[in-house]
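Working notes, beginning with the structure itself.
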Amino acid sequence: EQLRRVLQQMPKAELHIHIEGSLEPELIFALAERNGVKLAYDSVEALRAAYAFTDLQSFLDIYYAGASVLLREQDFHDMTAAYLKRAEQDNVRHAEIFFDPQTHTHRGVPIEVVINGIYRACQDSPVSATLILCFLRHLSEEDAIATLEAALPYRDKFIGVGLDSSEVGNPPEKFARVFARCRELGLHLVAHAGEEGPPEYIRTALDTLKVERIDHGVRCLEDAELTQRLAREKMALTVCPLSNVKLCVFDQMEQHNIMELLDAGIAATINSDDPAYFGGYMNDNFIATFEALPLGLSHAQRLARNSFEAAFLPPRQKQQYL
Ligand code: HPA
Ligand code: ZN
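All the letters of the sequence shown, read from the start, carry residue numbers 4 to 325 under full-length UniProt numbering.
Here you go:
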């Protein structure tokens, strides 16, 4: 119908996409073949059948295994080029792409291979694309600091840092020093918080890490004072509806709280998180959300606008979409 067409055609920005989570099973098998990597699954179908998650950790285990086929700069390039091509089809005009260097450096892949491969694909795409380096929060802050140091020769190739991986038990304040250092370096700051973790993690991401956006953040509604604060401070949340259902943050899309977030005045956005694992890219997320919830045209326009307002883009580049 008409709303569906609007959702598909409207220009949008994607602000929460893990590039390793865009690796489709077909590409995992192709890269495994190219690189002589042995996989624990016999076929694309067997791998896809393993994508039945009960929580964040059950997903992360498979997601890190999938990334093991990435060895050469060309592999990182091809993964990123495939994502950007798919994003273009969904009328994504700008993407801020997360990457997890520690997933690769811990396997012996040099960080310049990771950064140069992803960056080259971004430069070759008609979609505007920038990079956000994420620290794995299940690892130590010392490891994050070493990763930052190793990335600094390539400082001009990423615009910010983020925090992802296993949330519960790894609160934002574990990374206070490395985020303070990134802030001095003029990097943009974001963090996953309030996906599986409590509202308190959203508060410490804001107050201790001084992040400029919250990734997920859907558990904020459990805390009325925090909800009001996020609205008042126009703090954007990069919400990922299909991800939230696949990882059982919400039982069904009908239970998703994105409409309550928007109605509370919060600058929520819709994003795909790990589209190859969670059943859809940007427009799939928009359509699934709007089919399950009583959202209308004004919500669609609000979500698209929020995505550009929350983007780390120079005002002139934003203006053309606002
Ligand atoms: N949460 C935490 N870590 C992640 C995610 C997520 O949704 N996706 C990829 N790494
Ligand atoms: Zn994420």
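By construction, the Cβ of each residue, glycine as well, lies at the ideal position given by its N, Cα and C atoms.
Everything numeric in this text was worked out from a predicted model, so none of it was measured.
Inset, instruction - Give the secondary structure of G120 by DSSP, where H, G and I count as helix, E and B as strand, and everything else as coil. - result: Reading the sequence shown from its first residue, position 117 is the one you call residue 120. Helix, per DSSP.
Inset, instruction - May I have the straight-line CA-CA distance separating R232 from L166, to the nearest angstrom? - result: Taking the first residue of the sequence shown as 1, we reach residue 232 at position 229. Taking the first residue of the sequence shown as 1, we reach residue 166 at position 163. A straight line joining the alpha-carbon of R232 with that of L166 spans about 22 Å.
Inset, instruction - Name, in chain order, the residues that DSSP records as bridge partners for E4. - result: For the purposes of this step, residue 4 is identified with residue 1 of the sequence shown, where counting begins at 1. In the DSSP output, where bridge partners are listed per residue, E4 has none listed.
Inset, instruction - Would you kindly report the start and end of the unbroken beta strand (DSSP E) that includes L163? - result: Along the sequence shown, one-based indexing puts residue 163 at 160. Reading off the sequence, residue 163 comes out as Gly, not Leu. Looking at the DSSP string, the run of the beta strand (DSSP E) that includes G163 is 163–167.
Inset, instruction - Taking 9 Å as the cut-off, decide whether the C-beta atoms of M262 and A291 are in contact. - result: Indexing the sequence shown from 1 puts residue 262 at position 259. Indexing the sequence shown from 1 puts residue 291 at position 288. It is not a contact, given that the beta carbons lie outside the stated cut-off.
Inset, instruction - Pick helix, strand or coil for R308, following the three-state DSSP scheme. - result: Here residue 308 is taken as the residue at index 305 of the sequence shown, counted from 1. Three-state result, R308: helix.
Inset, instruction - For S131, write down the residues that DSSP places opposite it in a beta bridge. - result: Sequence index remark: in the sequence shown, residue 131 carries index 128 (1-based). The partner list for S131 (beta bridge, DSSP) reads H97.
Legend entry - Which of helix, strand or coil DSSP assigns to C223: Along the sequence shown, one-based indexing puts residue 223 at 220. The DSSP-derived three-state label of C223 is helix.
Legend entry - Secondary structure of T108, DSSP reduced to three states: Within the sequence shown, residue 108 is the residue found at index 105, counting from 1. T108 falls in the helix class under three-state DSSP.
Legend entry - Outcome for R216 when other beta-carbon atoms lying within 10 angstroms are tallied against a minimum of 16: Within the sequence shown, the letter at position 213 stands for residue 216. Looking at its Cβ environment, which holds 16 or more other Cβ atoms inside 10 Å, R216 is buried.
Legend entry - Beta-carbon spacing of F311, G163 below 9 Å: The residue you call residue 311 lines up with position 308 of the sequence shown. The residue you call residue 163 lines up with position 160 of the sequence shown. For F311 and G163, no; Cβs fall outside 9 Å.
Legend entry - C-beta atoms of L73 and H107 nearer than 9 Å: Here residue 73 corresponds to residue number 70 of the sequence shown, with the count starting at 1. Here residue 107 corresponds to residue number 104 of the sequence shown, with the count starting at 1. It is a contact, given that the beta carbons lie within the stated cut-off.
Legend entry - Alpha carbon of E114 to alpha carbon of L42, nearest angstrom: As a working mapping, residue 114 is identified with position 111 in the sequence shown. As a working mapping, residue 42 is identified with position 39 in the sequence shown. One detail in the question is off: residue 114 reads as Ile in this sequence, not Glu. Cα-Cα distance, rounded: 23 Å.
Legend entry - Nearest residue (CA-CA) to D78, options F101, I121, L240, L212: Walking along the sequence shown from the start, residue 78 turns up at place 75. For D78, the nearest C-alpha among the options comes from I121.
Inset, instruction - Determine the direct distance from the alpha carbon of L188 to that of N247, and round the result to whole angstroms. - result: Counting from one through the sequence shown, the residue named residue 247 turns up at place 244. Counting from one through the sequence shown, the residue named residue 188 turns up at place 185. The alpha-carbon atoms of N247 and L188 are separated by roughly 33 Å.
Inset, instruction - Please confirm if the segment 88–104 is in contact with the segment 118–135, defined as three or more CB-CB distances below 8 Å between the two stretches. - result: yes
Legend entry - Alpha-carbon spacing of T272 relative to M13, whole angstroms: Within the sequence shown, residue 272 is the residue found at index 269, counting from 1. Within the sequence shown, residue 13 is the residue found at index 10, counting from 1. If I take the Cα positions, the gap works out to 14 Å.
Inset, instruction - Tell me whether the beta-carbon of residue 2 lies closer than 9 Å to the beta-carbon of Y324. - result: This structure does not reach residue 2, given that the chain is present from 4 up to 325, and the question cannot be answered.
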